[in-house]
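Undergrad:
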Amino acid sequence: MRAIQITEFGGPEVLKISDVAEPVAGDGQVVITVDRAGINYADTHQVENSYLSKAELPMIPGGEVVGRTADGRRVVALTGSGGYAEKALIHPMRAWDVPEGVTDGQALALIVQGTTAAYMLKLSTHLQPGESVLVHAGAGGVGHLSIQLAKLWGAGRIIATASSEEKRQQTLELGADVAIDGTPEGLKDRIIEANGGKPVDIVLEMVGGPTFDESFAALAPFGRLVTFGAAGREAAKPIEATRLMKGSKTIAGFWLVDCFRDPQRFSAELTELFELTASGKLRPIVGAEYALSDAATAHQDMRDRKTVGKLLLDPTR
């Protein structure tokens, strides 16, 4: 079968199409015919082996797929790896039926990025009605869903950052009250100005480096910042405990893998997102769709911040 199999770690250039043997289901596994594979920013880290969990070669990247099982079920599933292929192995405990009214692309937008947004707002930051929320990369996969969910769940002022005027306009259409340039220089002041001259209560941060530093400096007393990525591939400055004490601020980390310890809650969160989408209250944006052979282009576009919404791979092309 056709797949993207990497034999060395690196950037997008290592993503090359290959002919590999079809997967064979072992105990507790099911083979799925992949209709679409989702692309996450974490995939770019997995390919260069800079992710939180280390990868082994040879490897087929891709942690999420939607497709059909042998008995005809349309499911969206978490694979860990192996998704960038015509067929993939899944575990029934990490596969969910896609309901009517939810497209393949929407299901892929929700299974990782939607649940990430939901967990961060509910569990990591404990969003309270009326609180201000800063969403970095507001036009991205997690960002565009975070804006909408924060709005649905009673946030006050929602501020989004984005790298272009077009993307900033999109975040406003999604429900952000104001959109600003996410460039690190002067970011703290722009955040506070966008919030009516006041620091913000909640920050969802996935850039790292100086963006993290500026965002932390813009936190209100009892504010909470959750970090869930390092897209800038640059470490933030260490924060001493006294800086947390002054202002009673909180920094939380988030990794979706930890949510799988409670599969019932994860299923409940995903089900709620499916219901919100089917009812039209939540609008996952499906962005560009790439041929499997163009996986390298997809990764480069994502790293260059050229993309919006959920990116898909079509294994039939």
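full-length UniProt numbering puts the sequence shown at residues 1 to 317.
The beta-carbon is built from N, C-alpha and C at its ideal position, and this holds for glycine as well.
1. Given G62, which residues of its chain have a CB within under 8 Å of its CB, disregarding the five upstream and five downstream residues?
2. Count the other CB atoms within 10 Å of the CB of M302; is the residue buried (16 or more) or exposed (fewer)?
3. Assuming A118 contacts A137 (C-beta within less than 8 Å), just tell me the rounded distance between them.
4. Between the beta-carbon of V76 and the beta-carbon of I111, is there less than 8 Å?
5. Beta-carbon within less than 8 Å of H299's beta-carbon, same chain only, minus the 5 sequence neighbours each way: which residues are those?
6. Can you give me the C-alpha to C-alpha distance between E234 and R73, rounded to a whole angstrom?
7. Between the C-alpha atoms of A236 and P184, what's the straight-line distance to the nearest angstrom?
8. Tell me the DSSP secondary structure of M206 in three-state form.
9. Can you check which of these residues, G114, R157, F254, is closest to G130 by C-alpha distance?
10. Would you check if the distance between the CB atom of V257 and the CB atom of M120 is smaller than 8 Å?
11. Would DSSP call F222 helix, strand or coil?
12. Grouping DSSP H, G and I as helix and E and B as strand, with all else coil, what is S132?
13. So, for residue 319: in the same chain, excluding its five sequence neighbours on each side, which residues have a beta-carbon less than 7 Å away from its beta-carbon?
14. Counting Cβ pairs, one atom from each stretch, are 3 or more of them under 8 Å apart for the segment 185–200 and the segment 215–225?
15. Mind checking V200: buried by the 16 CB within 10 Å criterion, or exposed?
16. In angstroms with no decimal places, state the Cα-to-Cα distance between A107 and V207.
17. Does DSSP classify R283 as helix, strand or coil?
18. Could you check what DSSP says for M1 in three-state terms: helix, strand or coil?
19. Secondary structure at T125, three-state DSSP: helix, strand or coil?
20. Pull up the DSSP beta-bridge partners for Y290, would you.
21. Measure the Cβ-Cβ separation of K273 and R2 and say whether it is below 8 Å.
22. Going by beta carbon distance, what residues of the same chain come within less than 8 Å of A70, once the five residues before and after it are set aside?
23. Report all residues from its chain with a CB closer than 7 Å to the CB of G105; omit the five preceding and five following residues, and keep chain order.
TA: If we stick to the structure as given:
1. I4, A37, G38, I39, D43, T79, S81, G82, G83, Y84, A85, A88, L313
2. buried
3. That belief does not hold up - the Cβ atoms of A118 and A137 are roughly 17 Å apart, past 8 Å.
4. yes
5. G11, P12, L15, I39, D43, T44, V47
6. 42 Å
7. 12 Å
8. coil
9. R157
10. no
11. strand
12. coil
13. No answer is possible for residue 319: it lies beyond the span of the chain, which begins at 1 and ends at 317.
14. yes
15. buried
16. 25 Å
17. coil
18. coil
19. coil
20. L313
21. Looking at the sequence itself, residue 273 is Leu, so the reference to Lys does not match. For L273 and R2, no; Cβs fall outside 8 Å.
22. V30, V31
23. R36, V286, K310, L312
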